[in-house]
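Asks: Before I ask anything, here is the structure I am working with.
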Amino acid sequence: MDRNAVIGLLVIGAILLGWQFWMQPSNAEMEAMRKKQDSIEAVEAKERVDEKAQQASQSEPKAEQSPQVQDTIQEANNDSVVNVLNQQKYGSLAPFGSGKKEYYTLENERVIIKFSNKGAVPVEAQLKNYTTYDSLPLMLFTENHNTLNLQFDHQNRKINSTELFFDVEQPSDSQLVFSMEDETGAALTMAYTLGANENMLQFSMNRQNIATNDLLVNWNQLAPKSEKAVDNERQYTTIYYKIFGDDVDNLTTMGDEDSESPEEDLKWISFKQQFFSTTLIAEDKFKATNSNLAYNTAKSEEFTKDMSATFTIPAGSNGNFKMYLGPTKYSLLKKYDLDLEDQVELGWALFRWMNQILIIPTFNFLSSFNIHIGLVILILTLFIKTLLFPITYKTYLSSAKQRAIKPEIEEINKKYGEKDQMKKQQETMALYQKTGVNPFAGCIPMLIQLPILIAMFRFFPASIELRQKSFLWADDLSSYDVLFDLPFDIPLYGDHVSGLTILMAISMFLTSKYNMQSASMGGGNAQAKQIQAIMIYFMPVMLLFWFNNYSAGLSLYYFTANMTTLGQQFVIRKFFINEDKIRAKIEENKKKPKKKSKFQQRLQDMQEQQQQGANRKMRRNK
């Protein structure tokens, strides 16, 4: 055989091998062909069963069969078909592919958890010490609206745990054990334990020659509505998760949907509602492989959000887990030492810290006396305002000093006007230095108070302690109060009138009006006065719209805080500050030689350099 013939045969062989490789079916096509073949075999099996049944009936005497006999034959035929299908779908686990769905319950003083032998997971959870706003039992989740599925490989098949019927071993009020074991000795056991007076469910999974690889978990929950305002409840409903060995994070609460695929392993995942949560916790960790967290706003008014989580239980996991089913109460969650309390939305770092070290401990201390929650808010407000009284005094004192030198500042403004801004600034700073007045003295106390104000703003809507607690006409301080309903809906306002919001707006108007009158005693710029007058009316009206659908407890706090501030300012002005003495002190300071501070010296040097630069520029332009 010559050289060209050999080359030709090799080329033909390569083409045949390449064609065979190119034309072989993909994995998806092979799976589809397998399913098709399984269906064909199932149909053929049914035909064989029907044929045997027909032959048996033909061999029997022609006596007429009763309906009971016909039903028995039909059931036998159906069972045979089901067995064949289960064998194809589940392999050696086929006996667990069909059965009767049964329910079992674990219960203690706090929670009732309903399980099903189909899937061996919780299907319903009720909190015993809480009700919905409509006075119905509070359900964390309900059957058909909560799915927890474990997917694993078995005999080259993808098995879903929610399709299997488990055996139950000696159920009790505090413990349930679900198990299944095939003829090969492969076994899967899932045990649940609920301690007395606990919200934490213990969960262990034991695998023997089954599901030995990673387990893919698909968890879905449609959160039911339980609060007064569904829109506000939806805003606080989202998914929280803790990165293994790191911080807690969450999907955004804004918008109708959000999703995220964490790239790091997770310690726990939580479906959080406004005041309650269902949290799945790993004793070691969940792998980030194939993980995805997502939610969509529910279309029905009976639900808030449709939440889902996909994650992986690693093959080497010890199989121990926990599930928290309860309120997102800060003190309760903190005791587990798992950072679960980070689900309580207390604001960013500084504001959260203020809530943790001051607001929450004080609130809990006052609540321990079992006094009315409205009175707790009033006392808490008075305590905080008393704590801030020295700062309020410093602010008012600075304002009084500013009023005392305002006529001289106006003379400087009138002298230089807009023609020489640099010179006006220099003269103003010189006046401050000579009189000993710090222009920034009033700003620093305001900045110190700001974290507390924002901390309180975040605390009240997130505090379960206010949930369904009444005060005056408000039936739920965690939601908006209704003084009376409107027969129509006003855009950005709503279909009701909040009485506590009106009181809060009035108190803000009175406080602002008093401050403006105090400031005007020292004169002032006409344009600035006009802007202040507009803001006095604009801010309360704006807050009427903003707070009308907000927490009534927050409106009560701001009303009390504003009225307390008004009283403090009156007392300070009447008994603590003598403006005549302040003016006399300023005149005395003018006569004393003043040593400039380093900051003042640097500021003056900068102003002089800017002035020199401006002068050089003017000479060049000439």
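For the sequence shown, the numbering used here begins at 72 and goes up steadily by one. Idealized CB from N, CA, C, for every residue including glycine. Model, not experiment: these values are computed from the prediction.
How would you call A127, buried or exposed, if buried means at least 16 neighbouring beta carbons within 10 angstroms?
Replies: Here the question's residue 127 lines up with position 56 in the sequence shown. Summary for A127: the model assigns pLDDT 42, below 50, so the residue's position carries little reliability; its value from the coordinates is reported in the next sentence. Flag for A127 reads exposed.
Asks: Restricting to Cα atoms, I'd like to know which of S439, R228, F347, L221 is closest to Q158.
Replies: Stepping through the sequence shown from its first residue, residue 158 is reached at position 87. Looking at the Cα atoms, R228 is the closest of the given residues.
Asks: CB-CB under 6 Å to M276, same chain, minus the five flanking residues each way: which ones, in chain order?
Replies: Here the question's residue 276 lines up with position 205 in the sequence shown. Once the five neighbours on either side are set aside, the close Cβ partners of M276 are M261, G390.
Asks: Find the nearest neighbour of L625 within the set T452, Q292, Y564, S243, judged by alpha-carbon distance.
Replies: Start at 1 with the first residue of the sequence shown, and residue 625 comes out as number 554. Selected option, being the one with the closest Cα: T452.
Asks: Go through its chain and collect everything with a Cβ distance to T463's Cβ below 6 Å, but skip five positions before and after it.
Replies: Translated into the one-based positions of the sequence shown, residue 463 becomes position 392. Around T463: Q639.
Asks: Answer yes or no: do P295 and F346 have a C-beta to C-beta separation smaller than 8 Å?
Replies: Your numbering for residue 295 matches position 224 in the sequence shown. Your numbering for residue 346 matches position 275 in the sequence shown. Result no, Cβ atoms of P295 and F346 do not sit closer than 8 Å.
Asks: Please state the DSSP three-state secondary structure of I86.
Replies: Taking the sequence shown and counting its residues from 1, the one referred to as residue 86 is at position 15. Helix.
Asks: Going by DSSP in three states, L417 sits in which element: helix, strand or coil?
Replies: To locate residue 417, count along the sequence shown from 1; it is residue 346. In the structure shown, L417 sits in coil (DSSP, three-state: anything other than H, G, I, E or B).
Asks: Quick one: what's got a C-beta closer than 7 Å to T582's C-beta in the same chain, skipping five residues either side?
Replies: Position 511 of the sequence shown, counting from 1, holds the residue named residue 582. Once the five neighbours on either side are set aside, the close Cβ partners of T582 are N633, T636, L637.
Asks: Since E416 contacts Y307 with CB under 8 Å, what's their CB separation in whole angstroms?
Replies: The residue given as residue 416 occupies position 345 in the sequence shown. The residue given as residue 307 occupies position 236 in the sequence shown. At roughly 7 Å, the Cβ-Cβ gap stays under 8 Å, so E416 and Y307 are in contact.
Asks: Would you kindly check if the distance between the Cβ of Q273 and the Cβ of A257 is under 8 Å?
Replies: Taking the sequence shown and counting its residues from 1, one reaches residue 257 at position 186. Taking the sequence shown and counting its residues from 1, one reaches residue 273 at position 202. Not a contact, by the Cβ cut-off of 8 Å.
Asks: Out of D238, T499, I476, which has the shortest C-alpha to C-alpha gap to Y487?
Replies: Taking the sequence shown and counting its residues from 1, the one referred to as residue 487 is at position 416. With distances taken between Cα atoms, Y487 lies closest to T499.
Asks: Alpha carbon to alpha carbon, how far is T466 from F646? Give it in angstroms, no decimals.
Replies: The residue given as residue 646 occupies position 575 in the sequence shown. The residue given as residue 466 occupies position 395 in the sequence shown. So the two alpha carbons sit approximately 16 Å from each other.
Asks: By a C-beta neighbour count over all protein chains shown, 10 Å radius and 16 as the cutoff for buried, is L351 buried or exposed?
Replies: By one-based count along the sequence shown, residue 351 stands at place 280. With 16 or more other Cβ atoms within 10 Å, it is buried.
Asks: Leaving out five residues on either side along the sequence, give the residues of the same chain with a beta carbon under 6 Å from the beta carbon of S438.
Replies: Taking the sequence shown and counting its residues from 1, one reaches residue 438 at position 367. Excluding sequence neighbours, S438 sits near V447.
Asks: Does the Cβ of M325 have 16 or more other Cβ atoms within 10 Å, making it buried, or fewer, making it exposed?
Replies: Here residue 325 refers to the residue found at position 254 when the sequence shown is read from its first residue. Per the 10 Å Cβ criterion, exposed.
Asks: With distances taken from CA atoms, which of S187, M575, M271, N284 is nearest T349?
Replies: To locate residue 349, count along the sequence shown from 1; it is residue 278. For the residues S187, M575, M271, N284, the minimum Cα distance to T349 belongs to M271.
Asks: Do V319 and D410 have their C-beta atoms within less than 8 Å of each other?
Replies: By 1-based counting over the sequence shown, the position of residue 319 is 248. By 1-based counting over the sequence shown, the position of residue 410 is 339. Cβ atoms of V319 and D410: closer than 8 Å.
Asks: Does the distance from the C-beta atom of T203 to that of E304 stay below 8 Å?
Replies: Your numbering for residue 203 matches position 132 in the sequence shown. Your numbering for residue 304 matches position 233 in the sequence shown. Contact flag unset, no.
Asks: Less than 8 Å between the beta carbons of S341 and I384, yes or no?
Replies: For the purposes of this step, residue 341 is taken as residue 270 along the sequence shown, with counting starting at 1. For the purposes of this step, residue 384 is taken as residue 313 along the sequence shown, with counting starting at 1. Not a contact, by the Cβ cut-off of 8 Å.
Asks: Does the separation of the CB atoms of I314 and E328 fall below 8 Å?
Replies: As a first step, residue 314 is located in the sequence shown; it is residue number 243 there, counting from the start. As a first step, residue 328 is located in the sequence shown; it is residue number 257 there, counting from the start. No. Outside cutoff.
Asks: Would you kindly work out how many angstroms separate the C-alpha atoms of G316 and E412, rounded to a whole number?
Replies: As a position in the sequence shown, residue 316 is number 245, starting the count at 1. As a position in the sequence shown, residue 412 is number 341, starting the count at 1. Roughly 16 Å separates the two Cα atoms.
Asks: Roughly how many angstroms lie between the CA atoms of T213 and V194, to the nearest whole one?
Replies: By one-based count along the sequence shown, residue 213 stands at place 142. By one-based count along the sequence shown, residue 194 stands at place 123. Computed Cα separation, rounded: 6 Å.
Asks: Taking L468 as the reference, which of T572, Q496, I653 has the closest Cα?
Replies: On the sequence shown, position 397 is the one that residue 468 refers to. Residue I653 is the option with its Cα nearest to L468.
Asks: Please list the terminal residues of the continuous alpha helix (DSSP H) segment that includes A262.
Replies: Along the sequence shown, one-based indexing puts residue 262 at 191. No alpha helix (DSSP H) contains A262, which is instead part of the beta strand (DSSP E) from 258-265.
Asks: Could you check which residue in F382, I442, P522 has the C-alpha nearest to that of A420?
Replies: Looking up residue 420 in the sequence shown gives position 349. Nearest of F382, I442, P522 to A420, Cα basis: P522.
Asks: Around the C-beta of Q292, are 16 or more other C-beta atoms found within 10 angstroms, so that it is buried, or is it exposed?
Replies: Reading the sequence shown from its first residue, position 221 is the one you call residue 292. Q292 comes out buried.
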